[in-house]
Every structure is written in structure tokens, then in C-alpha cells.
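Chemist: If you read the sequences in order, they're chains A and B.
In terms of numbering that gives the first Met the number 0, the first sequence has 148 at position 149, counting the first letter as 1, and numbering is strictly consecutive.
In terms of numbering that gives the first Met the number 0, the second sequence has 295 at position 296, counting the first letter as 1, and numbering is strictly consecutive.
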Amino acid sequence: MAQAANPSPAPDPASTTAMLVSRAQDGDVGAWSRLYQDSFDGLFKHVCFLTGDPLVAEDLVQEAFARAFTSIQRFDGRAGFNSWIRGIALNVVRMHWRRAQTTERVHENLTRMRSITAQGAGDPDRAHQQEVRMQVLYEVLRTLPEHLREAFILRDIEGLTVGEAAVELGITANNVAVRASRARAKIKEELSRLGWLGQGDA
Amino acid sequence: MTDVLEQWCQDSRGAIERKAEALVPTADFSDVMRRAHALAPDVVDAAKLEEARELAPVVDIRSSNPVGEAEAGTSDLALAGFVTDAREAVQRKVDERRLAPIGEAPTPGVASADSGSPRRAAGWTAAVVLLAAGVFAWVSVDVQSLLAPTPSAADAEQALLLEDRAGSGGRVESAGPRDPAPASRPRAARDAQTTTTTGDPEPEAIAITIEPEPAAASSKEPRRRAGPSLAELADRAEAQWRAKDLKGATATLRTIVRRGGRSSAAEMAYADLFTLASQRSDRGARQRLWRKYLGKFPRGRFADDARAGLCRAAGSGSAAACWSKYLRDFPKGSFRTEAERHQGGAH
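1) Near Ala35/B, what residues of its chain come up, given a Cβ to Cβ distance below 6 angstroms and the 5 sequence neighbours on each side ignored?
2) Taking only beta carbons into account, state which residues of the stretch 257-273 of chain B come closer than 7 angstroms to chain A, listed in chain order.
3) Using a C-beta to C-beta distance shorter than 9 angstroms, which residues of chain B count as neighbours of Leu143/A?
4) Can a CB atom of chain E be found closer than 8 angstroms to the CB of Ser11/B?
5) So, for His45/A: in the same chain, excluding its five sequence neighbours on each side, which residues have a beta-carbon less than 8 angstroms away from its beta-carbon?
6) Cutting at 7 angstroms between CB atoms, please list the residues of its own chain near Arg181/A, excluding the five before and the five after it.
7) Quick one, which residues of the stretch 21-40 of chain A are near chain B if we go by CB-CB under 8 angstroms, in chain order?
8) Looking at Tyr292/B and Ala307/B, is the spacing between their C-beta atoms short of 8 angstroms?
9) Can you tell me where the alpha helix (DSSP H) holding Gln6/B begins and where it ends?
10) Name the two residues that bound the continuous alpha helix (DSSP H) containing Val384/B.
11) Using a 10 Å radius around the Cβ and a threshold of 16 neighbouring Cβ atoms, would you call Leu54/A buried or exposed?
12) Say whether the stretch 125-135 of chain A touches the stretch 3-14 of chain B, bearing in mind that this needs 3 or more beta-carbon pairs closer than 8 angstroms, one atom from each stretch.
13) Can you tell me whether Leu54/B is helix, strand or coil according to DSSP?
14) Please report whether the beta-carbon of Glu130/A lies at a distance below 8 angstroms from any beta-carbon of chain B.
15) With 7 angstroms as the C-beta to C-beta threshold (strictly closer), list the residues of the stretch 61-80 of chain A near chain B in chain order.
16) Can you give the beta carbon distance from Arg203/A to Phe151/A, rounded, assuming they're within the 8 angstroms contact cut?
17) Taking Ser263/B as the reference, give the member of Leu275/B, Ala46/B, Phe301/B with the closest Cα.
18) Which two residues bound the contiguous alpha helix (DSSP H) that contains Pro53/A?
19) Would the beta-carbon of Trp7/B fall within 8 angstroms of that of Arg132/A?
20) State the DSSP-derived secondary structure class of Ala17/A, mapped to helix, strand or coil.
21) For Glu145/A, which of helix, strand or coil comes out of DSSP?
22) Should the stretch 281-289 of chain B be regarded as contacting the stretch 240-249 of chain B, the criterion being three or more beta carbon pairs within less than 8 angstroms?
23) Does DSSP classify Phe28/B as helix, strand or coil?
24) Distance check for Leu275/B and Leu19/A, CA to CA, integer angstroms please.
25) Do the CB positions of Ile170/A and Leu4/B come within less than 8 angstroms of each other?
26) Give the single residue among Asp30/B, Leu245/B, Leu272/B whose Cα lies nearest to the Cα of Ile255/B.
27) Hey, is Glu188/A's beta-carbon within less than 8 angstroms of any beta-carbon in chain B?
28) Chain A partners of Ala359/B, CB-CB under 8 angstroms?
29) Report the residue from Arg33/A, Val135/A, Glu130/A whose alpha carbon sits nearest the alpha carbon of Glu189/A.
30) Is the distance from the Cβ of Gln342/B to the Cβ of Leu309/B below 8 angstroms?
31) I believe Glu57/A touches Phe43/A by the beta-carbon criterion, under 8 angstroms. Please report the beta-carbon distance rounded to the nearest angstrom.
32) Output yes if chain A places a C-beta closer than 8 angstroms to the C-beta of Arg340/B; else output no.
33) Can you tell me whether DSSP reads Leu168/A as helix, strand or coil?
34) Would you mind working out which of Gln24/A, Thr16/A, Arg154/A, Glu145/A sits nearest Ser82/A, comparing C-alpha positions?
35) When we look at the beta-carbon of Asp41/B and count the other beta-carbons within 10 Å, is it buried (16 or more) or exposed?
36) Distance check for Asn173/A and Leu326/B, CA to CA, integer angstroms please.
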């Protein structure tokens with residue numbers, strides 16, 4: 000009766016994860032699978048924001064987990080497991096970016112998108128408008144240097160605080176703010192140049 | 000950030016979130032391990048690869064329901080606290096069971112926060128009555144059990160003996176259920192939306208026979224009997240597991256299943272037994288446990304996994320039919336994509 004009235008509290012998630020990591024480092028495959036199960040959702044969403052493409056994100060997340068499991072012995076626990084694997088995922092995304100389209104191709108895509116959208120101007124479908132803007136924005140992001148792109152995505156799209164973004168990127172908060180600000184200026188300049196923004200918006 | 004660019008960012012975030020929610024990842028943990036093996040075969044060797052294949056599939060399960068969420072926006076606020084309490088109580092028990100086979104005993108702490116998608120009140124509203132009933136029934140069982148004398152160790156040993164006999168081929172008319180649990184439980188196993196509260200019809204008998212529980216053990220009202228409470232048994236099983244007394248842990252978990260009826264404690268005990276069967280690499284035992292589990296919890300937390308596991312184990316002649324029935328019973332199941340792949344050849 001006492002137990003039912005005062006049920007034992009749930010284990011702290013952080014300590015649960017720490018125990019799972021410890022077991023994973025001992026080679027417990029079941030622990031690896033649980034870490035994967037627990038971390039997948041959040042990491043997948045994070046990489047979706049970084050890439051703008053859930054299909055690409057799915058593949059990159061798999062790669063990130065694979066790399067994490069092969070290097071789990073190097074995890075020293077100073078940062079949480081989620082922070083550690085997000086760092087691995089960011090590196091995987093960076094490698095993906097470097098293999099991706101050239102700047103010239105990006106500009107071709109942007110020009111093509113503009114012509115398509117011009118034909119459908121006034122489309123009342125809000126979801127479609129969001130989709131188009133997302134595609135355009137991510138094409139523009141590809142024209143930015145990586146360090147500006149990352150700061151902008153984490154701050155302005157994913158919505159991390161300056162502090163959180165600083166931890167993710169391993170830089171100071173001030174540095175994050177400066178990079179994000181420069182990214183915004185470049186993005187607005189490019190959107191205006193392509194005709195997506197009016198003169199008053201730039 | 001200026002307003003115009005902020006709107007672009009909001010639009011992008013909305014579009015990405017919508018696409019991410021719509022995408023059901025098809026690769027699972029075993030695919031990750033294959034990649035890891037390719038990267039570092041000395042770290043992720045063939046034995047680990049095989050071990051990963053033996054585990055139940057681990058796939059991210061999106062149980063969010065944007066439509067339901069919108070509808071629940073006007074849900075009864077009076078129920079909100081009740082729903083939250085019930086949800087946290089169930090989540091606490093699930094988290095305890097997740098940790099049980101691994102590492103130390105649970106330490107005091109707050110209820111587990113969601114590690115992924117935010118819980119949505121809408122998805123829990125439909126399950127709140129059953130959750131509360133399950134918690135109250137479990138409490139009632141505990142009270143009754145405390146009044147009963149302690150069962151002898153022979154009871155647990157007898158259950159194990161009966162199970163072994165059944166495993167060698169004979170049918171045993173015993174109240175002892177077999178308790179396999181998926182070695183890895185998908186996120187949906189922690190979400191009440193995957194329990195019996197769905198509007199889907201009860202699944203028909205599938206090609207692979209599901210063994211219903213004998214009448215005595217299938218009663219929703221656990222029998223009064225001598226012995227410790229289900230919670231005490233669970234603690235005992237955990238202690239045995241940590242002490243690497245897997246045989247003892249197995250016997251104790253079977254006792255929980257036998258005595259626990261259709262309680263959440265019994266269901267969680269099944270989950271641990273699935274894990275133990277996987278650790279022994281005993282595919283036959285795991286399949287028998289899945290059938291027993293499905294006989295008692297046809298729409299339980301792990302029913303999706305158990306059904307898929309049985310379909311994967313089915314012979315080439317019956318796999319297509321098995322997956323077809325899976326799709327009918329779990330149209331939004333975690334293994335929908337795999338099931339549809341099997342239908343492609345059948346049509």
C-alpha cells in the first residue's frame with residue numbers, strides 16, 4: 000500500500016543515459032540499440048534543420064550513429080551523450096555539404112525556382128508557399144560559407160539560444176551572434192538580388 | 000532579425016517539420032550496425048552484427064497526430080491534470096523497466112522527460128481512462144497480494160520446468176505464460192496511443208497461430224494467491240538479473256506474468272522476458288513468447304513488434320499472408336513499409 004501510494008520515482012534520464020553509455024562502451028549491443036532509440040528522434044529533427052531535406056537527413060543520421068558507435072570508447076562523458084552525437088552529426092553534415100552542389104548550380108536552381116513561383120504568384124496554399132520559401136532559403140544558404148550557414152540555421156531556423164548554439168559550434172556566444180548577423184545580411188542581399196524581396200525589405 | 004526574414008525562417012521551419020513528421024524512417028538499428036561494421040569491422044565485429052540482427056527492430060515511431068492535437072486544443076481542462084499524472088505514472092514505470100536489465104537500480108529523480116517528440120495531450124486523452132484503470136487495478140493487485148502467504152521457490156522452479164517442457168514441443172496446460180520481450184522497445188512502446196485505445200478493430204487470427212492464454216490465466220482479475228506483490232517480484236527479478244542469475248530472473252518474471260493477468264506489470268515482465276530470450280539467442284523461445292504475449296495483449300505496447308517479429312520468422316509460404324494481416328491490423332504500424340514490400344510481390 001505504501002509503495003502504491005508513494006511509487007518509486009523514475010530514474011533521472013541523464014543517469015539512465017550515462018549507464019547505457021557505460022554498457023555500450025562495454026560492448027553491450029542492447030545498450031547501443033536503446034541509445035539509438037532514445038536519441039534518434041531529436042537528432043533526426045536537428046539534421047533536418049541543418050539540411051532542409053528529411054530524406055538526406057535520414058541517411059546522415061544513420062551515418063552519425065554508425066560513427067558514434069565505432070568511436071564510443073572515445074566518449075569521455077564531459078558533455079552529455081546527446082551533445083556528443085550532435086557534434087558528430089554536424090561533422091557528417093559538413094562533409095555532406097562539401098560533396099554537394101557547386102555555387103553555380105545553386106544559382107541556376109534559384110533562378111529556376113523564381114520563374115516557377117512567378118507563374119504561381121498569389122497561390123493561396125500556405126503550405127505550398129512555405130515549401131517554396133524553404134527551398135529558396137536553403138538554396139541561398141548553400142551560397143554562404145559554412146560557418147555563417149551553421150550559425151544562422153541553429154539560431155534562426157532551429158531556434159536555439161545563443162548559448163546553445165555556441166556549445167553546438169564550439170565557439171563563443173558573441174561569435175555566434177556575429178556570424179548569425181552576417182549571415183542574415185548576406186541572405187537578405189541574395190534574396191533581394193534574385194527578386195524575392197522588395198527594395199523595402201532588404 | 001527583421002520581420003521579413005523572420006517570416007521566411009518560420010516558413011522554412013514549418014515546412015521542414017511537416018516533411019520530417021511525414022517521413023517514416025525505414026532504416027533501423029541493424030542498418031546502423033551494418034554501417035558501423037563497414038567503417039570499423041574490428042570494433043563492430045560480425046558477432047555484434049548478428050546480435051543486432053537478433054534484436055527486435057528499432058525504428059523511430061511517429062505517434063504524433065497533428066489533427067488529434069488540433070481537436071484536443073479544446074479538450075476538457077479538468078482532465079489535463081489527471082492525464083498528466085496518469086501519463087507520468089506510466090512513463091515512470093516504463094522507464095524503470097527500461098533500465099532494469101541494465102546497470103544500477105533506479106535512483107530517485109523526477110519523472111522521465113520526453114526525449115524526443117513532445118507529448119501531446121490529444122494523444123493521451125483517449126488513453127487516460129484505460130491508464131487510470133490499469134494503475135488502479137495494479138494497485139488493487141498489490142494490496143491483495145500483500146495479504147497472501149509467500150509462494151515457495153518450487154513454484155518458480157515449476158513454472159520454469161513447465162516452460163522448458165513446452166519449449167521441447169509439448170503443449171502444457173499451465174497458467175504460466177511465456178514472457179519474451181522485445182530486446183529493444185520502440186518509442187511507441189512508451190506511448191499509450193499504441194495500447195488498446197486505438198480505434199482499429201481487434202486483429203483476426205493470423206497465419207502464425209497465436210496461442211490464447213488458458214482461461215484461468217486470461218482473467219483480467221489476477222488470482223489471489225500466496226506470495227509477494229508484483230512489485231516485490233519485479234524488484235526480485237531485477238536483483239537476480241543484476242546478479243547475473245538469469246535463470247532466476249526468468250522464473251521470477253514468469254511468475255509475474257502468470258499472476259499478473261493483463262496488468263501493466265505482467266506486460267512489462269513480458270518485455271524483459273523477450274530481452275532474456277534474445278540474450279540467449281533463443282529464437283524459438285522468443286517466438287513462443289511473442290505468441291503468448293499476443294494472446295494476452297493483442298493490442299499491447301509491444302504487439303506491433305511481436306506481430307512483425309513473427310512475420311519475419313514466417314516461412315516463405317506464409318510471410319506474405321502474415322504481412323497482409325499485419326497491415327490490416329496495424330495500418331499505421333512501425334513496420335508498414337516492410338509489410339508493403341512483401342505485398343508488392345504478392346499482388
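For glycine and all other residues, C-beta sits at the position ideal for the given N, C-alpha and C.
Modeler: According to the structure shown:
1) Position 36 of the second sequence, counted from the first residue, corresponds to residue 35/B. Closer than 6 angstroms at Cβ, skipping near neighbours: Val43.
2) Under the 7 angstroms Cβ criterion, the stretch 257-273 of chain B contributes no residue.
3) On the first sequence, position 144 is the one that residue 143/A refers to. None at all; the shortest Cβ gap to chain B is about 13 angstroms.
4) Note that chain E does not occur in the displayed structure, where the protein chains are A and B.
5) For the purposes of this step, residue 45/A is identified with residue 46 of the first sequence, where counting begins at 1. Correct list, in chain order: Arg85, Ala88, Glu157.
6) For the purposes of this step, residue 181/A is identified with residue 182 of the first sequence, where counting begins at 1. Leu147.
7) Answer in chain order: Ser21, Arg22, Gly26, Asp27, Val28, Gly29, Ala30, Trp31, Ser32, Arg33, Tyr35, Gln36, Asp37, Ser38, Phe39, Asp40.
8) Locating residue 307/B in the second sequence gives position 308, counting from the first residue. Locating residue 292/B in the second sequence gives position 293, counting from the first residue. With contacts defined as CB atoms closer than 8 angstroms, Ala307/B and Tyr292/B fail to qualify as a contacting pair.
9) Residue mapping note: residue 6/B aligns to position 7 of the second sequence, counting from 1. Run containing Gln6/B: 2-21, per the alpha helix (DSSP H) assignment.
10) Residue coverage of chain B in this structure runs from 0 to 346, which leaves residue 384/B outside it and unanswerable.
11) The residue you call residue 54/A lines up with position 55 of the first sequence. Leu54/A comes out exposed.
12) Yes, they touch.
13) Position 55 of the second sequence, counted from the first residue, corresponds to residue 54/B. Coil.
14) Within the first sequence, residue 130/A is the residue found at index 131, counting from 1. Yes, Glu130/A lies at the interface with chain B (some Cβ there is under 8 angstroms from its Cβ).
15) Gln61, Glu62, Phe64, Ala65, Arg66, Phe68, Thr69
16) With chain A represented from 0 up to 201, any question about residue 203/A goes unanswered, as that position is not in the structure.
17) As a working note, residue 263/B is residue 264 in the second sequence. When each option's Cα is compared against that of Ser263/B, the closest is Phe301/B.
18) Numbered from 1 along the first sequence, position 54 holds the residue referred to as residue 53/A. Looking at the DSSP string, the run of the alpha helix (DSSP H) that includes Pro53/A is 53-69.
19) Locating residue 7/B in the second sequence gives position 8, counting from the first residue. Locating residue 132/A in the first sequence gives position 133, counting from the first residue. Yes; because the gap between Cβ atoms is below 8 angstroms, this pair is in contact.
20) Translated into positions along the first sequence, residue 17/A becomes position 18. Residue state, collapsed to three classes: helix.
21) Here the question's residue 145/A lines up with position 146 in the first sequence. It is helical.
22) Flag = no, the stretch 281-289 of chain B and the stretch 240-249 of chain B do not touch.
23) By 1-based counting over the second sequence, the position of residue 28/B is 29. Helix at Phe28/B.
24) Taking the first sequence and counting its residues from 1, one reaches residue 19/A at position 20. Taking the second sequence and counting its residues from 1, one reaches residue 275/B at position 276. Going by the C-alpha atoms only, they are around 17 angstroms apart.
25) Reading the first sequence from its first residue, position 171 is the one you call residue 170/A. Reading the second sequence from its first residue, position 5 is the one you call residue 4/B. Against a cut-off of 8 angstroms, the Cβ pair of Leu4/B and Ile170/A comes out as no contact.
26) Numbered from its first residue, the second sequence carries residue 255/B at position 256. Among Asp30/B, Leu245/B, Leu272/B, the Cα nearest to that of Ile255/B belongs to Leu272/B.
27) Taking the first residue of the first sequence as 1, we reach residue 188/A at position 189. No, Glu188/A does not count as interfacial toward chain B.
28) A question about residue 359/B goes unanswered here, because the residues of chain B that appear run from 0 up to 346.
29) Your numbering for residue 189/A matches position 190 in the first sequence. Nearest C-alpha to Glu189/A: Val135/A.
30) Position 343 of the second sequence holds residue 342/B. Position 310 of the second sequence holds residue 309/B. Result no, Cβ atoms of Gln342/B and Leu309/B do not sit closer than 8 angstroms.
31) Here residue 57/A corresponds to residue number 58 of the first sequence, with the count starting at 1. Here residue 43/A corresponds to residue number 44 of the first sequence, with the count starting at 1. That pair is a contact at about 7 angstroms.
32) Looking up residue 340/B in the second sequence gives position 341. Judged by the 8 angstroms Cβ criterion, Arg340/B is not in contact with chain A.
33) As a position in the first sequence, residue 168/A is number 169, starting the count at 1. Three-state DSSP puts Leu168/A in a helix.
34) Sequence index remark: in the first sequence, residue 82/A carries index 83 (1-based). Comparing Cα-Cα distances from Ser82/A to each of Gln24/A, Thr16/A, Arg154/A, Glu145/A, the minimum goes to Thr16/A.
35) Working through the second sequence from its first residue, we reach residue 41/B at position 42. By the 10 Å Cβ count, Asp41/B comes out exposed.
36) By one-based count along the second sequence, residue 326/B stands at place 327. By one-based count along the first sequence, residue 173/A stands at place 174. One Cα belongs to Leu326/B, the other to Asn173/A, and the distance between them is close to 53 angstroms.
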